[in-house]
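So in my numbering, spot 180 of the sequence shown is number 180, and the numbers just go up one at a time.
Report on one structure; see the data block that follows.
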Amino acid sequence: MEQHHVINVAIVGGGPSCKAIMDMIFAEKLSQLHMKLIGVADTNPQAVGYCYAREKGIYTTQDYRDLYKLKDLHMIVELTGRNEVANDIYRTRPDHVSVMDHVAARLFWDIFQIEEETIARRQRADKALRESEAKYRSLFESSIDAVCICSKDGYFIDINSAAVELFGYAKKEELPTKIDSLYANPSDSLEFMSRIQRQGFLKDYPVDLRKKDGTILHTLITATLRRDKDDRVIGYQGIIRDVTAKKRNEEKLKRSLENLRRAMGATIQAMALTVETRDPYTAGHQRRVANLARAIAKEMGLSQDQIDGIRMAGIIHDLGKISVPAEILSKPTQLTEIEYSLIKTHPQVGYDILKMIDFPWPVAEIVLQHHERIGGSGYPQGLYGDEVLLEAKILAVADVVEAMASHRPYRPAHGIDKALEEISKNRGILYDPEVVDACLKLFTEKGFKFEQ
1 MEQHHVINVA IVGGGPSCKA IMDMIFAEKL SQLHMKLIGV ADTNPQAVGY
51 CYAREKGIYT TQDYRDLYKL KDLHMIVELT GRNEVANDIY RTRPDHVSVM
101 DHVAARLFWD IFQIEEETIA RRQRADKALR ESEAKYRSLF ESSIDAVCIC
151 SKDGYFIDIN SAAVELFGYA KKEELPTKID SLYANPSDSL EFMSRIQRQG
201 FLKDYPVDLR KKDGTILHTL ITATLRRDKD DRVIGYQGII RDVTAKKRNE
251 EKLKRSLENL RRAMGATIQA MALTVETRDP YTAGHQRRVA NLARAIAKEM
301 GLSQDQIDGI RMAGIIHDLG KISVPAEILS KPTQLTEIEY SLIKTHPQVG
351 YDILKMIDFP WPVAEIVLQH HERIGGSGYP QGLYGDEVLL EAKILAVADV
401 VEAMASHRPY RPAHGIDKAL EEISKNRGIL YDPEVVDACL KLFTEKGFKF
451 EQ
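So, in structure tokens, the structure goes:
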């Protein structure tokens, strides 16, 4: 059985947010993260989260520096929202202990709330469909579904009471003599007769029928030919299943899923804005990278679904920078080796945040790999060649081109010509050749330009 490394976490700030996170941990809603809460600190011993932790037998203290002494502590989650506290923790924490500040924690909470609601909606929709299918299956098996027996010319020979009720009549004698009269589209009757005579059996054949009051019924007909003792065709018999409600539910579900996708897009935009707010020098960087990556993918002939996934990943590819102090992100001089090492953690941090969200695309993996290089010199995993997702290869080229073409705190913009020279020079060395060719074509032949 696979063993997972447990992340021992301590919280600074014992307010309502602390209690909410503890509730999630104790309810095992964060089980995939393998988190264990081992300490809570707050200057107010009456704080709701502080008291809750004490009731649960978790170590509590009024001095957050006492948390540093906890055995095997891996992470401190700072929830006070006070910059001086966060800065002091960053300065004084043991080297092996990582820090999640209140911005990251808030985003972490929002993501799980969105995922919980998405799962709940999906479960409700699945339940509605299962109940609908079970209902109609039960009707079919108990012969409550409409059943009719017709001559080969389509005249009714017999029908059951469910059929009479289905079409809105009081008694069978009131129904038209031929089933053709009940078809919403007369041409469908001819097509049905032709198919049943050719194939001998039809299962769940879709037909729109009309009730007495003119209401359209969406039905599925399962029918088989009837033969006499000499094996001559004398007609057919069929079961008519009304799926109007199911079709309506499916249409509602489709609209609901479309709404969820729009909501997901809005959430992604908000996440991107969170990063850009902390790093004003790269404001718009993620959006411009996403637009270039989408254009490259389109130029390469990728499917629309892949293009959508690449754009979504591009919009939040630097999400992990929320774990990097703002003063490092906007530092006007060259970064130190330690600072650069901290910057290099952002693909992994972004992946850790996004991996729990059930995207229809491999967004988390693309974000994780967007600094990988095909020669194995990238980070964080040092992947080679086809070990890197195609989407990540595209995002890598778009990221480099936009970054070089744009201003940074520690240098002026190199310009687009230098950026294109960089990817041309390292075509097949650092960057995928096909991706580079598509990118160059966009700028040199198709007039692609970054929006301001």
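Just so it is clear, CB atoms sit at the ideal spot from N, CA and C, and this is done for glycine as well.
None of these values were measured; they are calculated from a predicted model.
In chain order, what residues of the same chain lie with their CB nearer than 6 Å to the CB of Tyr68, ignoring the 5 residues before and after it?
-> Translated into the one-based positions of the sequence shown, residue 68 becomes position 68. Cβ neighbours of Tyr68 beyond the five flanking positions: Pro94.
Using the C-alpha atoms, what's the distance from Asp242 back to Arg226? The residue given as residue 226 occupies position 226 in the sequence shown. The residue given as residue 242 occupies position 242 in the sequence shown. Taking the straight line from one Cα to the other gives about 23 Å.
Checklist entry - In three-state terms, what does DSSP make of Asn249? => result The sequence position of residue 249 within the sequence shown is 249, counting from 1. Correct three-state label for Asn249: helix.
Range covered by the beta strand (DSSP E) that runs through Asn8
Locating residue 8 in the sequence shown gives position 8, where the first residue counts as 1. Ile7 to Val12 is the span of the beta strand (DSSP E), which, as asked, contains Asn8.
Are the CB atoms of His285 and Ser406 within a distance shorter than 9 Å?
Position 406 of the sequence shown, counted from the first residue, corresponds to residue 406. Position 285 of the sequence shown, counted from the first residue, corresponds to residue 285. A contact, by the Cβ cut-off of 9 Å.
Point to revise | Where the beta strand (DSSP E) through Ile221 begins and ends | key: On the sequence shown, residue 221 is found 221 positions in, with the first residue counted as 1. It spans Ile216 to Arg227 - the beta strand (DSSP E) in which Ile221 sits, taken as one unbroken run.
- [ ] Look up Ala41 in the DSSP assignment and say whether it is helix, strand or coil.
- [x] Counting from 1 along the sequence shown, the entry for residue 41 is found at position 41. Note: Ala41 maps to strand in three-state DSSP.
* Smallest Cα separation from Ile366: which of Glu339, Ala245 and Ile394? -> To locate residue 366, count along the sequence shown from 1; it is residue 366. Minimum Cα distance to Ile366 is reached at Ile394.
Report task. Give the DSSP-derived three-state secondary structure of Asp158 in the structure shown. Result -> Position 158 of the sequence shown holds residue 158. Three-state result, Asp158: strand.
Report task. Check whether the segment 382 to 402 touches the segment 337 to 355, counting contact only when three or more Cβ pairs, one atom from each stretch, lie closer than 8 Å. Result -> Taking a cut-off of 8 Å on C-beta distances, the segment 382 to 402 does not touch the segment 337 to 355, as fewer than three cross pairs fall below it.
Determine the DSSP secondary structure at Asp208, reduced to helix, strand or coil.
As a position in the sequence shown, residue 208 is number 208, starting the count at 1. Three-state result, Asp208: strand.
| request: Indicate whether the contact test is met: 3 or more Cβ pairs, each with one atom in the segment 197 to 204 and one in the segment 213 to 233, closer than 8 Å. | output: yes
Practice item. Taking 8 Å as the threshold, find out whether the segment 286 to 301 comes into contact with the segment 243 to 256 through three or more Cβ pairs. Key: no
Kindly list the residues whose CB is nearer than 7 Å to the CB of Ile423, restricted to its own chain and excluding five residues on each side of it in sequence; keep chain order. Along the sequence shown, read from residue 1 onward, the residue named residue 423 stands at position 423. The residues are Val397, Val400, Val401, Tyr431, Val436 and Cys439.
> Is it right to say His102 is buried, meaning 16 or more other beta carbons lie within 10 angstroms of its own, or is it exposed?
Replying inline: To locate residue 102, count along the sequence shown from 1; it is residue 102. Buried: at least 16 other Cβ atoms inside 10 Å.
Quiz prompt | Assigned secondary structure, Gln369 (DSSP; H/G/I helix, E/B strand, else coil) | solution = Position 369 of the sequence shown, counted from the start, is the residue given in the question as residue 369. Three-state result, Gln369: helix.
Quiz item: Is the Cβ-Cβ distance between Lys172 and Ser161 less than 9 Å?
Solution: Numbered from 1 along the sequence shown, position 172 holds the residue referred to as residue 172. Numbered from 1 along the sequence shown, position 161 holds the residue referred to as residue 161. Yes, these two residues count as a Cβ contact at 9 Å.
With a threshold of 16 other CB atoms inside 10 Å of the CB of Lys321, please say whether the residue is buried or exposed. Working through the sequence shown from its first residue, we reach residue 321 at position 321. Result: buried.
Are the beta-carbon atoms of His74 and Val9 separated by less than 9 Å? If you number the sequence shown from 1, residue 74 lands on position 74. If you number the sequence shown from 1, residue 9 lands on position 9. Yes, the Cβ-Cβ distance between His74 and Val9 is below 9 Å.
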